[in-house]
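Worksheet: one structure, shown below.
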Amino acid sequence: MYADSGGATRGARSGPTAPGPSIGLDTVPRLLPRCRGAREAWRSDQVVNPEDEGKGPATPGGSHLRGELLQQAVEVLQAGIFIYTLEGKLVDVNETACRLHGWTREQMLAMSPAEFIDPSTYHVFDEFRQVVARGEEFRGLARGKRSDGTTFEAGVHGVPVTLDGRVYAFGSVRDVTEEQALREKVAQSQRMEALGRLAGSVAHDFNNLLTVIRLNTEVARASDDPQRVRTRLRSIDEATSRAESITSQLLSFSRTRPIQEELLSVREVVESLVPILERLLPDAVHLRLDLSTELSAVLGSRRALEQIVLNLVVNARDAMRDGGEVVVRAQPVPEGVSMEIVDQGIGMDPETLRRAFEPFFSTKGSEGTGLGLATVVGAVEQLRGTLDVESEPERGTRFRIELPASIAGLATEKDSRSQPPQVDRPLAGRTILVVDDDGLLRRAVCAGLERYGAVALEAAPSEAEGRLADSAIDTLICDVFMPEVSGPALVERVHRSRPDLPVLFVSGFAGAEAGDARMLAKPFSLRQLVGALLEL
Numbered sequence: 015m016y017a018d019s020g021g022a023t024r025g026a027r028s029g030p031t032a033p034g035p036s037i038g039l040d041t042v043p044r045l046l047p048r049c050r051g052a053r054e055a056w057r058s059d060q061v062v063n064p065e066d067e068g069k070g071p072a073t074p075g076g077s078h079l080r081g082e083l084l085q086q087a088v089e090v091l092q093a094g095i096f097i098y099t100l101e102g103k104l105v106d107v108n109e110t111a112c113r114l115h116g117w118t119r120e121q122m123l124a125m126s127p128a129e130f131i132d133p134s135t136y137h138v139f140d141e142f143r144q145v146v147a148r149g150e151e152f153r154g155l156a157r158g159k160r161s162d163g164t165t166f167e168a169g170v171h172g173v174p175v176t177l178d179g180r181v182y183a184f185g186s187v188r189d190v191t192e193e194q195a196l197r198e199k200v201a202q203s204q205r206m207e208a209l210g211r212l213a214g215s216v217a218h219d220f221n222n223l224l225t226v227i228r229l230n231t232e233v234a235r236a237s238d239d240p241q242r243v244r245t246r247l248r249s250i251d252e253a254t255s256r257a258e259s260i261t262s263q264l265l266s267f268s269r270t271r272p273i274q275e276e277l278l279s280v281r282e283v284v285e286s287l288v289p290i291l292e293r294l295l296p297d298a299v300h301l302r303l304d305l306s307t308e309l310s311a312v313l314g315s316r317r318a319l320e321q322i323v324l325n326l327v328v329n330a331r332d333a334m335r336d337g338g339e340v341v342v343r344a345q346p347v348p349e350g351v352s353m354e355i356v357d358q359g360i361g362m363d364p365e366t367l368r369r370a371f372e373p374f375f376s377t378k379g380s381e382g383t384g385l386g387l388a389t390v391v392g393a394v395e396q397l398r399g400t401l402d403v404e405s406e407p408e409r410g411t412r413f414r415i416e417l418p419a420s421i422a423g424l425a426t427e428k429d430s431r432s433q434p435p436q437v438d439r440p441l442a443g444r445t446i447l448v449v450d451d452d453g454l455l456r457r458a459v460c461a462g463l464e465r466y467g468a469v470a471l472e473a474a475p476s477e478a479e480g481r482l483a484d485s486a487i488d489t490l491i492c493d494v495f496m497p498e499v500s501g502p503a504l505v506e507r508v509h510r511s512r513p514d515l516p517v518l519f520v521s522g523f524a525g526a527e528a529g530d531a532r533m534l535a536k537p538f539s540l541r542q543l544v545g546a547l548l549e550l
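See below:
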């Protein structure tokens with residue numbers, strides 16, 4: 015019941031309200047039988063109906079005694095009792111309400127409700143009055159204000175009551191500060207438990223991937239057979255892609271991953287994932303594509319679209335332990351593109367379906383992180399789409415994603431910025447300086463740039479300004495977050511003497527920003543790196 019009435023300005027006393035009949039707590043015995051929630055406090059057979067007054071006592075002592083007892087009960091209740099007109103005028107309070115706030119009854123009746131409510135919960139009183147005016151019960155939380163300026167968490171319960179043809183708002187308030195603190199402790203404990211499960215699952219997955227990379231590296235190093243080396247390198251590449259998918263899921267789930275939008279051909283993206291999908295699926299699970307050739311382009315993050323397909327296909331695989339078929343379908347609809355991932359798996363019962371998209375909820379026990387479908391929700395939101403799911407036990411599951419069309423029309427392979435350069439040495443003639451605090455990463459980037467024809471140089475952050483005095487350097491690749499100096503600060507200093515130097519920022523940090531400069535999120539492929547450089 016806490017807030018100011020009507021349209022009162024926040025922080026100010028509410029304006030005058032329409033006067034109501036003078037009633038008080040001595041009227042409560044007549045109000046209580048009409049209170050819809052009264053049976054929660056008193057049994058209805060303990061209350062005298064006003065229509066029965068004057069007909070003689072129902073029990074020894076008569077209705078007058080009962081009225082006095084009820085009035086005393088109201089005064090000693092552990093809850094503060096407030097009676098308001100629907101216009102927001104406080105007409106009476108009990109002693110508990112006065113003790114809660116630290117004012118006398120006379121003081122409170124002379125005050126605006128806004129004076130004993132914390133400003134952050136002014137809105138609760140308006141909601142309370144609106145609900146009660148509709149003849150409904152209200153429950154909520156607010157923050158009460160005491161005479162000494164301190165505040166307390168208040169549990170609010172309100173119901174409409176009628177007296178002499180006029181409706182009043184009858185409310186009770188309890189100090190639930192300790193209860194709320196206990197709930198927060200429990201919630202924090204549950205969050206820490208969930209994070210512990212997540213950390214354990216992620217560590218397990220990364221340790222597996224690191225083992226794959228290390229063993230394949232050792233085998234490739236010891237082999238003289240070029241074909242065997244290429245096979246090992248493909249396995250390493252697959253492991254890094256899986257690691258990237260895990261970090262991408264975490265960042266998308268937290269909604270902090272930098273979004274790089276481009277025109278996307280849904281058909282091309284799905285077809286490019288087929289080699290990965292086929293390796294993810296066991297022999298007993300068959301993948302079938304049903305992709306229209308007349309799909310509109312969608313504007314968004316390629317990684318988000320890949321996450322949707324990968325996570326839903328993996329979800330379908332796990333639902334078909336005995337084998338079956340998973341269908342990835344994409345068809346044109348008037349608003350854009352409709353995608354479906356359909357499986358023949360075990361399906362979901364209503365309770366599982368209700369919780370399917372909850373973070374950390376998993377039916378796979380220790381094998382699942384509980385982030386797969388939560389990640390899909392985030393990815394669909396990034397693409398400005400909608401997501402629906404249909405499922406029944408033993409009848410499979412159908413996920414349907416509707417993606418809005420881009421105004422650019424139909425996308426073709428050449429529309430996608432992620433396509434590889436069509437020239438063998440597109441960076442020939444360019445001299446590029448790579449600045450990062452990680453030496454291994456600097457050397458790897460330089461090797462890739464040289465593969466595409468560039469002269470690649472590297473520098474630690476402390477060396478960068480000196481190296482950039484060389485006018486032969488015509489492009490800078492710079493990390494955003496470095497311990498010695500931030501990338502934007504370094505570039506700001508460099509641009510004082512070389513304002514036209516093109517810069518490509520790179521970062522693996524969620525939420526990294528670089529103003530209007532081009533940004534490439536780690537991890538990135540050589541194709542993505544070269545494509546970004548060609549756009550500078």
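Add 14 to a position in the sequence shown, counting from 1, and you land on the number used in the working numbering. Each residue gets a CB set at the ideal place from its N, CA and C atoms; glycine is no exception.
Counting every other CB atom within 10 Å of its CB across the protein chains shown gives K199 a total below 16, marking it as exposed. Between the C-alpha atoms of E282 and V391 there is a straight-line separation of about 22 angstroms.
The closest CA to that of L114, considering only V288, V175, R317 and V190, is found on V190.
When DSSP reads this structure, L278 sits in a beta bridge with V312. Boundaries of the alpha helix (DSSP H) harbouring D140: H137 to A147, taken from the DSSP string. With distances taken between CA atoms, R368 lies nearest to V403 out of V403, D336, V347 and V340. C-alpha of V517 to C-alpha of E506: approximately 11 angstroms in a straight line.
For L455, there is no enclosing beta strand (DSSP E); the enclosing alpha helix (DSSP H) has its first and last residue at G453 to R465. For the options V328, A503, G154 and P364, the alpha carbon positioned closest to that of I355 is the one of V328. Counting C-beta atoms within 10 angstroms of its own C-beta, S134 has fewer than 16 neighbours from the protein chains shown and is therefore classed as exposed. Annotation for M353: the continuous beta strand (DSSP E) segment containing it runs G350 to D357. Between S485 and the set E498, M496 and L471, the nearest pair of CA atoms involves L471. Residue environment for V347: exposed (fewer than 16 other C-beta atoms within 10 angstroms of its C-beta). With 16 or more other Cβ atoms inside 10 Å of its own Cβ, M334 counts as buried. F371 is positioned such that its CB atom lies no closer than 8 angstroms to that of A393. Two segments are said to touch when three or more pairs of C-beta atoms, one from each, lie closer than 8 angstroms; by this definition the region 336-347 touches the region 302-315.
Note on geometry: alpha-carbon atoms of V312 and P418 lie some 6 angstroms from one another. Per the C-alpha coordinates, the member of D297, E275 and S306 positioned closest to E285 is S306. Taking a contact as a CB-CB distance under 8 angstroms, the pair V170 and A156 counts as one, their CB atoms being some 5 angstroms apart. Shown here for A213: not one same chain residue has a beta carbon closer than 7 angstroms to its own, the five before and five after excluded.
Runs of the alpha helix (DSSP H) lying entirely within the region 92-128, each at least 4 residues long, are 109-115 and 119-123 in chain order. Here T489 is buried, its C-beta having at least 16 other C-beta atoms within 10 Å. Of the residues G350, D332, V138 and E120, the one whose Cα lies closest to the Cα of G359 is D332. Counting along the chain, P502 sits inside the alpha helix (DSSP H) bounded by residues G501 to S511. Distance check between A535 and each of F495, L277, R512 and F166 places F495 closest, using alpha-carbon atoms only. At a cut-off of 3 residues, the continuous stretches assigned as beta strand (DSSP E) that sit fully inside the region 171-239 are 180-189. V403: member of the beta strand (DSSP E) spanning T400 to S405, first to last residue.
One alpha carbon belongs to L397, the other to A318, and they sit about 7 angstroms apart. When DSSP states are grouped into helix, strand and coil, D332 belongs to the helix group.
DSSP places P516 outside both helix and strand once states are collapsed to three, so it counts as coil. Exposed is the label assigned to P240, since fewer than 16 other Cβ atoms lie within 10 Å of its Cβ.
Across the structure, A168 and R188 are spaced so that their CA atoms are roughly 5 angstroms apart. Within the same chain, L441, T489 and L518 come within 7 angstroms of L547 by CB-CB distance, once the 5 residues on both sides are set aside. For P513, the number of other beta carbons within 10 angstroms of its own is below 16, and it is reported as exposed. Per DSSP, P346 is one residue of the beta strand (DSSP E) stretching across G338 to V347. For the pair G314 and S279, the Cα-to-Cα distance works out to about 10 angstroms.
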